[in-house]
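Undergrad: Submitted below is the structure of interest, expressed as structure tokens.
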Amino acid sequence: MSMTRTELRDSGARQGAGILESRLTSLGREEFARDVWGRTAALTRGADDFSDVFSTAAVDDLISRRGLRTPFLRVAKDGSTLPESSFTAPAGVGATVADQLDDTALWRAFEGGATLVLQALHRTWEPVAELVSALGRELGHPVQANAYVTPPQNRGFDAHYDVHDVFVLQIEGTKRWVVHEPVLPDPLRDQPWTGHRAAVAERAAHDAPHLDTTLRPGDVLYLPRGWLHSAQARGEVSVHLTLGVHVWTRYALAEHLVRAALADLADDPSMRRSLPLGAGGPLLEAGGPDSVNGTAGPSGVPDAPDAPGTVNGRANGSGSATDLVRERLLAAVADADPAPSFHRAHRSLARPAPLGPLAQLAALNSLGPASPVRLREALEPRLEGTRLFTRVGYLDFPADDLVPVARLLGGQVRTAGDLGLDLAGRLLRAGVLVPADR
Numbered sequence: 004m005s006m007t008r009t010e011l012r013d014s015g016a017r018q019g020a021g022i023l024e025s026r027l028t029s030l031g032r033e034e035f036a037r038d039v040w041g042r043t044a045a046l047t048r049g050a051d052d053f054s055d056v057f058s059t060a061a062v063d064d065l066i067s068r069r070g071l072r073t074p075f076l077r078v079a080k081d082g083s084t085l086p087e088s089s090f091t092a093p094a095g096v097g098a099t100v101a102d103q104l105d106d107t108a109l110w111r112a113f114e115g116g117a118t119l120v121l122q123a124l125h126r127t128w129e130p131v132a133e134l135v136s137a138l139g140r141e142l143g144h145p146v147q148a149n150a151y152v153t154p155p156q157n158r159g160f161d162a163h164y165d166v167h168d169v170f171v172l173q174i175e176g177t178k179r180w181v182v183h184e185p186v187l188p189d190p191l192r193d194q195p196w197t198g199h200r201a202a203v204a205e206r207a208a209h210d211a212p213h214l215d216t217t218l219r220p221g222d223v224l225y226l227p228r229g230w231l232h233s234a235q236a237r238g239e240v241s242v243h244l245t246l247g248v249h250v251w252t253r254y255a256l257a258e259h260l261v262r263a264a265l266a267d268l269a270d271d272p273s274m275r276r277s278l279p280l281g282a283g284g285p286l287l288e289a290g291g292p293d294s295v296n297g298t299a300g301p302s303g304v305p306d307a308p309d310a311p312g313t314v315n316g317r318a319n320g321s322g323s324a325t326d327l328v329r330e331r332l333l334a335a336v337a338d339a340d341p342a343p344s345f346h347r348a349h350r351s352l353a354r355p356a357p358l359g360p361l362a363q364l365a366a367l368n369s370l371g372p373a374s375p376v377r378l379r380e381a382l383e384p385r386l387e388g389t390r391l392f393t394r395v396g397y398l399d400f401p402a403d404d405l406v407p408v409a410r411l412l413g414g415q416v417r418t419a420g421d422l423g424l425d426l427a428g429r430l431l432r433a434g435v436l437v438p439a440d441r
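For what it's worth, our numbering labels the leading residue of the sequence shown as 4, then goes sequentially.
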């Protein structure tokens, strides 16, 4: 199936399907991965009813009753972000914070045409947090969530692109979206649209849009990173939720590969040596003062001789310090393993499922063979040898515990007795195991 142009689809939730298939798109996982993911914008009409995830009542609750502070909210008007001081105030007696949201100031700004942007909803609103956590596990890429609340007939931000993929979920009202193809395909995180401002403005002003449509409640629009977009509310208040997917890239994997190689090079004495005096001069040129023909040892004294006609196994005078370093680096890259660094970074970009300290203590104090327990969700557990890595740290196990730990990771543990009480207690204390509903 070709998806070179956006296709509009009607969707029905599928029994047993994941978040992607049952709530965000009508496509199966493999079809989405092959034809849409990172390739093209895609619109799904009536993907799902999202009232269980977010609503206008949730917006009011967050702004006026939850004690939110900046930066959990931004306010924008006419394409510019308003200063935080214009919509925050001190919390009053008993609280010394000075930047809590001021609901009166926000009402006035909203009535005057400002867009409210509720940021990091995956940390502040439980239904959104659950959706984001499940989607992140399903995609294998970190996910965040923001909500945009726009007054009638108002535009939020000018045409721009994001450096992460986005699923736009229309919650309330309607909003017109105009989407153009990228000026910079697949931008990295340090390549924001502001670095291509003129090209973005030119394309938005003069090129035919890839998509010009109005989203209604239940519709979902997928935008890969780099795709230009702007949006305007219609005749009523518009609320939409954005699920931002911070995709891992080949470039990111290359960064971890090089990082692993550099860590290995730190154990190479020749790479730890000082460059000679005059390092800002002709040092990097072939035959310069640190050419392989004159490489000094740690004390500035030339190394012991190599084989006749060679230094470090290379022809005399044949290269610069740069050549030597490049050779060693390429060799290190060939042998380096990026997996440990990559997995650490992946674990650090999200948090595990919530844990109730009081419920945890009660479970520990009443622990018995029949106590129902389960692995805490969203831990990203990874057992390497005798060490279990998770988002709450790592644990080392004796050999006798490895089989029950593997069974726990495989979803085969139902009670503390399945693990043994000592191991279950240790995992409860570590925040890896949590009490389960009967």
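Idealized CB from N, CA, C, for every residue including glycine.
What you are looking at is a predicted structure, and each value in this text was computed from that prediction instead of being measured.
Pairing CB atoms from the stretch 86-105 with CB atoms from the stretch 137-153, are three or more of them under 8 angstroms?
TA: Judged by Cβ distances under 8 angstroms, the stretch 86-105 makes no contact with the stretch 137-153, as fewer than three pairs qualify.
Undergrad: With 16 as the cutoff for other CB atoms within 10 Å, does residue 338 come out buried or exposed?
TA: Label assigned to residue 338: exposed.
Undergrad: Rounding to the nearest angstrom, what Cα-Cα distance links residue 440 and residue 375 in this structure?
TA: Rounded to the nearest angstrom, the two C-alpha atoms are 7 angstroms apart.
Undergrad: Tell me whether residue 157 sits in a helix, a strand or coil according to DSSP, three-state version.
TA: Correct three-state label for residue 157: coil.
Undergrad: For residue 91, which residues from the same chain have a beta carbon less than 8 angstroms from its beta carbon, with the 5 sequence-adjacent residues on both sides left out?
TA: If we look at residue 91 and ignore the five residues flanking it on each side, its Cβ neighbours are 72, 73, 101, 102, 103, 104, 105, 108.
Undergrad: Assign residue 403 to one of two classes, buried (16 or more other C-beta atoms within 10 Å of its C-beta) or exposed (fewer than that).
TA: Counting Cβ neighbours within 10 Å, residue 403 comes out exposed, since fewer than 16 surround it.
Undergrad: Can residue 264 and residue 332 be called in contact, C-beta distance under 9 angstroms?
TA: A contact, by the Cβ cut-off of 9 angstroms.
Undergrad: Would a check of beta-carbon distances place residue 414 closer than 9 angstroms to chain B?
TA: No chain B appears in this structure, which consists of one protein chain only.
Undergrad: Give the secondary structure of residue 180 by DSSP, where H, G and I count as helix, E and B as strand, and everything else as coil.
TA: Reduced to three states, the DSSP call for residue 180 is strand.
Undergrad: When you compare only the Cα positions, how much space is there between residue 422 and residue 138?
TA: Roughly 29 angstroms between the two C-alpha positions.
Undergrad: Can you tell me which of the three DSSP states residue 164 falls into?
TA: Coil at residue 164, not helix or strand.
Undergrad: Is the CB-CB distance between residue 192 and residue 166 below 9 angstroms?
TA: Going by C-beta atoms, residue 192 is nearer than 9 angstroms to residue 166.
Undergrad: Excluding sequence positions up to five away, which residues of its chain have a Cβ less than 6 angstroms from the Cβ of residue 410?
TA: Cβ neighbours of residue 410 beyond the five flanking positions: 416.
Undergrad: What residue range is occupied by the uninterrupted beta strand (DSSP E) comprising residue 120?
TA: Note, residue 120: beta strand (DSSP E), 118-121.
Undergrad: For residue 225, list the residues DSSP reports as bridge partners.
TA: DSSP lists 45, 170 as partners of residue 225.
Undergrad: Does the beta-carbon of residue 323 have 16 or more other beta-carbons within 10 angstroms, so that it is buried, or is it exposed?
TA: Buried, because 16 or more other Cβ atoms sit within 10 Å of the Cβ of residue 323.
Undergrad: Quick one: Cα of residue 432 to Cα of residue 353, how far?
TA: If I take the Cα positions, the gap works out to 21 angstroms.
Undergrad: Return the residue from the list 112, 86, 173, 126 that minimises the CA-CA distance to residue 58.
TA: It is 173.
Undergrad: Have a look at residue 84 and residue 426 and give me their C-alpha separation to the nearest angstrom.
TA: Approximately 52 angstroms, taken between the alpha carbons.
Undergrad: When you compare each of 160, 169, 227 to residue 188 by their alpha carbons, which one comes out closest?
TA: Answer by Cα proximity: 227.
Undergrad: With a Cβ-Cβ cutoff of 9 angstroms, do residue 134 and residue 22 count as a contact?
TA: Going by C-beta atoms, residue 134 is nearer than 9 angstroms to residue 22.
Undergrad: For residue 392, which residues does DSSP report across the bridge?
TA: Residue 392 pairs with 385, 397.
Undergrad: May I have the straight-line CA-CA distance separating residue 115 from residue 86, to the nearest angstrom?
TA: Computed Cα separation, rounded: 15 angstroms.
Undergrad: Just the C-alpha distance for residue 396 and residue 229, rounded to the nearest angstrom, thanks.
TA: So the two alpha carbons sit approximately 35 angstroms from each other.
Undergrad: If residue 149 sits next to residue 121, beta carbons under 8 angstroms apart, how far is it from one beta carbon to the other, in whole angstroms?
TA: Their Cβ separation, rounded to whole angstroms, is 6 angstroms, which keeps residue 149 and residue 121 in contact under 8 angstroms.
Undergrad: Per DSSP, what kind of secondary structure is residue 209 in: helix, strand or coil?
TA: In the structure shown, residue 209 sits in a helix (DSSP, three-state: H, G or I).
Undergrad: Report the rounded CA-to-CA distance for residue 428 versus residue 249, giving the unit in angstroms.
TA: Roughly 36 angstroms between the two C-alpha positions.
Undergrad: Taking the Cβ atom as the reference point for each residue, do residue 389 and residue 401 lie within a distance shorter than 9 angstroms?
TA: Their beta carbons are under 9 angstroms apart, which means residue 389 touches residue 401 by this criterion.
Undergrad: DSSP puts residue 247 in a beta bridge; with which residues?
TA: In the DSSP output, where bridge partners are listed per residue, residue 247 has 147, 169.
Undergrad: Which residues mark the beginning and the end of the beta strand (DSSP E) in which residue 217 is found?
TA: It spans 214-218 - the beta strand (DSSP E) in which residue 217 sits, taken as one unbroken run.
Undergrad: What number of angstroms, rounded off, separates the C-alpha of residue 36 from the C-alpha of residue 62?
TA: About 33 angstroms.
Undergrad: Is residue 241 helix, strand or coil when you go by DSSP?
TA: Strand.
Undergrad: So, residue 231 versus residue 206, is the Cβ gap smaller than 9 angstroms?
TA: Closer than 9 angstroms, so yes.
Undergrad: Which residues bound the beta strand (DSSP E) around residue 233?
TA: From DSSP, the beta strand (DSSP E) with residue 233 extends over 231-236.
Undergrad: Buried or exposed, going by whether 16 or more other CB atoms sit within 10 Å of the CB of residue 424?
TA: So residue 424 counts as exposed.
Undergrad: Helix, strand or coil for residue 296? Go by DSSP, reduced to three states.
TA: No answer about residue 296 holds up, because its pLDDT of 45 lies below 50 and its placement is not dependable.
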